[in-house]
Amino acid sequence: MLRLLLTCSLLSTFIMFTYVPAMAQDDLLDLLDSTVDDPETIDYTFATFKTTRVITSRSIETPAAGEMQFLIAHRFGRVNGGWRDFFGLDQANIRMDFEYGITDFWSVGWGRSNVFKQWDGYTRVKFLRQSTGKRKMPITAEALASVAMTSGNWVNPDRRNYISSRASYVFQLMVARKFTRNLSAQIMGTMLHKNLVTSRQDKNDIFMVGAGARYLLTGSFGLTMEYHYLIPDRIVSPIDAPKTDHSFSIGFDLETGGHVFQIMATNNLGMTEHQYFTSATTGQWLKGDIHLGFNVNRVFTIADYEKMKQKKEARRLKKEGPKD
Amino acid sequence: MKTILILTALLVTSLTAFSQKYFTKTANVTFFSSTALENIDAKSNQTTSIIDFATGEVVFKMLIKTFQFEKALMQEHFNEKYLESEKYPDATFKGTIDNIASVNLSKDGEYKVNVTGELTIHGVTKTYSTAGVITIAGDKISVNAKFPVKVADHDVKIPGAVKDNIAETVDVTVTADYTPLKK
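So the sequence lines, in the order shown, correspond to chains X and F. Position 92 of the first sequence, counted from 1, bears residue number 92 in the working numbering, the numbering being contiguous throughout. Throughout, the working numbering is defined as the position within the second sequence, counted from one, plus 324.
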């Protein structure tokens, strides 16, 4: 008995002394870190832009899954109209836009603008998402397809008019990167196809390349700018005079709890890509043909984000079994 | 005889020294903000923790990004503007259970404990002291604690526009089931 006890004690003492150095962590937090490897997850970059628009152009942001984004946009007349036009504020162009996030990377939407009395529907997909962690991706890339129909009276009611003449199509590719917490930038290439153009010399397909950026000064306030270069000689119609110009806009984003306000100065009266490079962008900055305007964005939760995630997780568990 | 006693004592201590650390990586942490305008709650079930019953030491580490909100926009604002999770990815707690001696691991039951330690949120460390309950059922150990955290104490700035929507003090609840740490 004594011998057994002695042996046990010696053995356990031996074990204790050999193991103690390994166990003696200076800090239990270090032990925690060495015990758990941080789970390898994909960390998607969030809040590249405050909202779904850079200024007038779309940003790569889409509403989160289950959320509806309601946007009201106003563009006023030209500031060089002076006091008589109250610096353009007498006239207002308006657009309403509803966009719904089916998933975090796919949305559908529709809108109506009084410019050209145009209805439009669109869908867009982020096919690359900037991320760190398990999957490293330096950029977010997104494709947009949009169809618009004008609903005004025919310009030329005497001739035979086709309903298809009211339609125009937009395809856009956007690539964006959030460089730092404050600085994000985006480049985009856009193609607009108009079924009906003013004259034979006008091309049906119009192309533009653009860039936009935002710089946050505080968490809720940031400066924005955006430029679209119109590939020349595609809009030649003399009737489209004054000449359609490249679009340049500057503005700022102001975020309150559930709203994002975007205030801008632009030579572009258009509020969708269908309108930019038609007669809507005729103002010239240097001549003071500047429109003031704003977007108000409001998000509504339609479907419960968390519940959807739980369901997704449950489906995954059913399919693949638990993670460990 | 004396030698045997000493050696037996050594045996006992050496045996217990191995089974005293308990561990979890699925601790639930929720916080709840209540104002006249709205209630906001967020949950994370990916908090990791170790309790060392030999010394009474306890640590927690929570990843800010894992907190789930009811509204995606709240989650974005929480990460982007308030907790700045890109800059401060985790919150940690490092403390001691003051009355660890009263907890008997081999006896099932509920034990009331007091925990004191340093909580680091948003890069700012503050000392907290709170009461909690440790429940022992076989080799399953669960922990329950609830304590208030003043948002301003951790240098979390809430803009004026949402001051009425977010409480100055939020209630943090921790519930966790531990298993022995095998290492």
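Cβ coordinates follow ideal geometry from the N, Cα and C atoms, glycine included.
Beta carbon of residue i nearer than 8 Å to that of residue j
{"i": "X/Q172", "j": "X/E273", "result": "yes"}
{"i": "F/T416", "j": "F/T444", "result": "yes"}
{"i": "X/H291", "j": "X/T266", "result": "yes"}
{"i": "X/A73", "j": "F/E400", "result": "no"}
{"i": "F/I374", "j": "F/F391", "result": "no"}
{"i": "X/V170", "j": "X/A143", "result": "no"}
{"i": "X/N161", "j": "X/L216", "result": "no"}
{"i": "X/F252", "j": "X/V296", "result": "no"}
{"i": "X/A211", "j": "X/I187", "result": "yes"}
{"i": "X/M149", "j": "X/W110", "result": "no"}
{"i": "X/G121", "j": "X/T41", "result": "no"}
{"i": "X/L32", "j": "F/V383", "result": "yes"}
{"i": "F/K514", "j": "X/V36", "result": "Residue 514 of chain F lies beyond the stretch modelled for chain F, which goes from 325 to 507, so this question has no answer here."}
{"i": "X/Y100", "j": "X/P138", "result": "no"}
Inter-residue Cα distance where the pair is residue i and residue j
{"i": "X/A24", "j": "X/F105", "result": "Legend: pLDDT at X/A24 = 45, less than 50; position of this residue unreliable, value from coordinates given subsequently. X/A24 and X/F105: Cα-Cα distance of roughly 47 Å."}
{"i": "X/T56", "j": "X/D289", "result": "16 Å"}
{"i": "X/G88", "j": "X/L269", "result": "12 Å"}
{"i": "X/Y227", "j": "X/K307", "result": "40 Å"}
{"i": "F/F377", "j": "X/G321", "result": "33 Å"}
{"i": "X/T45", "j": "X/G293", "result": "29 Å"}
{"i": "F/F355", "j": "F/N369", "result": "12 Å"}
{"i": "X/S168", "j": "X/K194", "result": "4 Å"}
{"i": "X/Q284", "j": "X/A213", "result": "21 Å"}
{"i": "F/I364", "j": "X/D90", "result": "42 Å"}
{"i": "X/S146", "j": "X/A185", "result": "23 Å"}
{"i": "X/Y229", "j": "X/S247", "result": "7 Å"}
{"i": "F/S358", "j": "F/S466", "result": "27 Å"}
{"i": "F/G380", "j": "X/L28", "result": "11 Å"}
{"i": "F/V480", "j": "F/L407", "result": "6 Å"}
{"i": "F/T372", "j": "F/P413", "result": "14 Å"}
{"i": "F/L505", "j": "X/T218", "result": "44 Å"}
{"i": "X/A141", "j": "X/M271", "result": "22 Å"}
{"i": "F/F393", "j": "X/K309", "result": "11 Å"}
{"i": "X/I60", "j": "X/I94", "result": "23 Å"}
{"i": "F/K385", "j": "X/K178", "result": "28 Å"}
{"i": "X/D205", "j": "X/R166", "result": "15 Å"}
{"i": "F/V475", "j": "F/S409", "result": "15 Å"}
{"i": "F/K411", "j": "F/D432", "result": "43 Å"}
{"i": "X/F98", "j": "X/V108", "result": "8 Å"}
{"i": "F/I388", "j": "F/F402", "result": "9 Å"}
{"i": "X/T224", "j": "X/K312", "result": "36 Å"}
{"i": "F/E442", "j": "F/V486", "result": "29 Å"}
{"i": "X/N156", "j": "X/S113", "result": "22 Å"}
Nonlocal neighbours in the same chain, by C-beta distance under 6 Å from residue i, ignoring five residues either side
{"i": "X/K85", "result": "In the sequence under discussion, the amino acid at residue 85 of chain X is Asp, which differs from the Lys named in the question. Closer than 6 Å at Cβ, skipping near neighbours: G77."}
{"i": "X/I302", "result": "G66, M68"}
{"i": "F/V439", "result": "G419, I421, T454, G456"}
{"i": "F/V473", "result": "V494, V496"}
{"i": "F/I482", "result": "I490"}
{"i": "X/F300", "result": "M68"}
{"i": "F/I424", "result": "G380"}
{"i": "F/T459", "result": "E434, S466"}
{"i": "F/V353", "result": "S368, T371, M386, V498"}
{"i": "X/Q275", "result": "V115"}
Bridge partners - residue i, DSSP secondary structure assignment
{"i": "X/A167", "result": "X/M149"}
{"i": "X/G111", "result": "X/D97, X/D120"}
{"i": "X/M225", "result": "X/A213, X/I250"}
{"i": "F/Y452", "result": "F/G441"}
{"i": "F/A366", "result": "F/F355, F/F393"}
Cutoff 7 Å; reference residue i; Cβ partners in own chain excluding five residues on either side
{"i": "F/A360", "result": "none"}
{"i": "X/R298", "result": "F70, G258, H259"}
{"i": "F/S426", "result": "Y435"}
{"i": "F/D488", "result": "T359, L361"}
{"i": "X/G152", "result": "F116, K117"}
Own chain residues within Cβ distance below 8 Å of residue i, not counting five before or after
{"i": "F/K464", "result": "D501, Y502, T503"}
{"i": "X/T180", "result": "none"}
{"i": "F/D477", "result": "V448, K450"}
{"i": "X/G222", "result": "K50, N182, R214, Y215, L216, F252, D253"}
{"i": "F/V437", "result": "I421, D422, N423, I424, S426, V427, A455, G456, V457, I458"}
Which residues of the stretch 256–267 of chain X have a Cβ closer than 8 Å to any Cβ of chain F? Give them in chain order.
Taking 8 Å as the Cβ-Cβ cut-off against chain F, the residues of the stretch 256–267 of chain X that qualify are T256, G257, G258.
Using a Cβ-Cβ cut-off of less than 7 Å, give me the residues of the stretch 284–302 of chain X that come near chain F, in sequence order.
Residues V299, T301.
To be precise: take each residue of the stretch 406–431 of chain F, compare its Cβ to all Cβ atoms of chain X, and keep it if any distance is under 7 Å. Which residues remain?
Cβ contacts with chain X: E410, T416, K418.
What residues in the stretch 28–46 of chain X bring their beta carbon closer than 8 Å to a beta carbon of chain F?
For the stretch 28–46 of chain X, which is checked against every Cβ of chain F, the residues closer than 8 Å are L28, L29, L31, L32, D33, T35, V36, D38, P39, D43, F46.
Anything in the stretch 460–477 of chain F with a Cβ closer than 7 Å to a Cβ of chain X? List those residues in chain order, please.
Listed by position, the residues of the stretch 460–477 of chain F near chain X (Cβ gap below 7 Å) amount to none.
Which of the residues in the stretch 440–462 of chain F, read from start to end, lie with their CB under 7 Å from any CB of chain X?
When C-beta distances to chain X are compared with 7 Å, every residue of the stretch 440–462 of chain F stays at or above that value.
Using a Cβ-Cβ cut-off of less than 7 Å, list which residues of the stretch 56–68 of chain X approach chain F; keep chain order.
Residues of the stretch 56–68 of chain X with a C-beta atom less than 7 Å from some C-beta of chain F are A64, E67, listed in chain order.
May I ask you to list, following chain order, the residues of the stretch 213–235 of chain X that have a beta carbon less than 7 Å from some beta carbon of chain F?
Residues of the stretch 213–235 of chain X that bring their beta carbon within less than 7 Å of a beta carbon in chain F comprise G219, S220, in sequence order.
Using a Cβ-Cβ cut-off of less than 9 Å, list which residues of the stretch 341–372 of chain F approach chain X; keep chain order.
Result list: A341, F342, K345, F347, K349, K367, Q370, T372.
Quick one, which residues of the stretch 309–320 of chain X are near chain F if we go by CB-CB under 8 Å, in chain order?
Flagged, chain order: K309.
Along the stretch 165–196 of chain X, where does the CB come closer than 9 Å to a CB of chain F? Name the residues.
Of all residues in the stretch 165–196 of chain X, R181 have a Cβ within less than 9 Å of some Cβ in chain F.
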